[in-house]
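Chemist: For what it's worth, full-length UniProt numbering labels the leading residue of the sequence shown as 1, then goes sequentially.
Just so you know, even glycine gets a beta-carbon here, dropped at the ideal spot from N, CA and C.
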Amino acid sequence: MEVGLLDLEGLTNEERTIILNVIRRDDEVCRRLETRIKQLKAELHDIRMKSALRTGDDLSKMCARCHMIFGIFVNTGDICPGCHFRVCKNCRENLISHGWMCILCFRENQIRWLTGEWMGKDKTGKSKQIRATDLVRASLRIRHENNLQWTGALTTQVADFGTY
1 MEVGLLDLEG LTNEERTIIL NVIRRDDEVC RRLETRIKQL KAELHDIRMK SALRTGDDLS
61 KMCARCHMIF GIFVNTGDIC PGCHFRVCKN CRENLISHGW MCILCFRENQ IRWLTGEWMG
121 KDKTGKSKQI RATDLVRASL RIRHENNLQW TGALTTQVAD FGTY
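(1) Which runs of the beta strand (DSSP E) spanning at least 3 residues fall entirely within the UniProt domain "RabBD" (5-122), listed in chain order?
(2) Expressed to the nearest angstrom, what Euclidean distance is found between the alpha-carbon atoms of residue 224 and Asp-26?
(3) Excluding the five sequence neighbours on either side, which residues of its own chain have a C-beta within less than 6 Å of the C-beta of Gly-82, listed in chain order?
(4) Return helix, strand or coil for Arg-137, following the three-state DSSP convention.
(5) Specify whether the stretch 18-35 and the stretch 133-142 touch according to this definition: at least 3 beta carbon pairs, one from each stretch, less than 8 Å apart.
(6) Between the Cα of Asp-78 and the Cα atoms of Gly-71, Ile-69 and Cys-88, which residue gives the shortest distance?
(7) Asp-60 to Met-49, Cα distance in whole Å?
(8) What is the rounded straight-line gap between the Cα of Val-74 and the Cα of Asp-58?
(9) In whole angstroms, give me the CA-to-CA distance for Glu-9 and Arg-92.
The following block contains the structure:
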């Protein structure tokens with residue numbers, strides 16, 4: 001057995017099938033998560049494009065995200081605790097902790113949370129650790145290959161026995 005792999009020699013075919021079904025479901029969840037991350041990154045790109053400053057823009061009088069002009073008494077804007085830009089009420093996302101962030105900071109945090117970047121993944125979004133399902137899959141593959149080699153050796157021995 002290779003270092004780091006699991007000892008799955010005692011599994012029945014039924015148990016192996018159940019584990020493979022769980023791994024398939026995990027792969028589907030991961031694909032949906034990747035799709036959601038791509039969607040959030042596209043939304044983040046759109047927000048950044050809409051937030052781009054133009055010559056003559058005065059951010060003290062307009063929303064940093066949608067460029068709506070602030071009112072004197074109503075919707076005067078407020079400073080985002082994340083990026084410190086002034087944003088209107090429409091460009092805010094309420095947090096569970098009763099605070100709020102601008103939509104740009106909120107989407108960036110969503111992406112960090114979904115990719116696990118806040119937990120120590122590198123900038124490319126790649127995990128520094130192997131996924132548990134990859135470890136189980138590799139262990140099952142090694143077990144399957146060992147069974148095939150053993151069956152092949154047995155077949156060769158039986159064939160050799162017949163020639164005597």
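Modeler: According to the data block:
(1) 92-94 and 100-102
(2) With the chain running from 1 to 164 in the structure shown, residue 224 is simply not present.
(3) To locate residue 82, count along the sequence shown from 1; it is residue 82. Cβ neighbours of Gly-82 beyond the five flanking positions: Met-101 and Cys-105.
(4) Your numbering for residue 137 matches position 137 in the sequence shown. Note: Arg-137 maps to helix in three-state DSSP.
(5) yes
(6) The sequence position of residue 78 within the sequence shown is 78, counting from 1. Checking every option, the nearest Cα to that of Asp-78 belongs to Cys-88.
(7) As a working mapping, residue 60 is identified with position 60 in the sequence shown. As a working mapping, residue 49 is identified with position 49 in the sequence shown. Per the sequence shown, residue 60 should be read as Ser rather than Asp. When rounded, the distance between both Cα atoms is 19 Å.
(8) Counting from one through the sequence shown, the residue named residue 74 turns up at place 74. Counting from one through the sequence shown, the residue named residue 58 turns up at place 58. Rounded to the nearest angstrom, the two C-alpha atoms are 18 Å apart.
(9) Here residue 9 refers to the residue found at position 9 when the sequence shown is read from its first residue. Here residue 92 refers to the residue found at position 92 when the sequence shown is read from its first residue. Cα to Cα, the separation comes out at about 54 Å.
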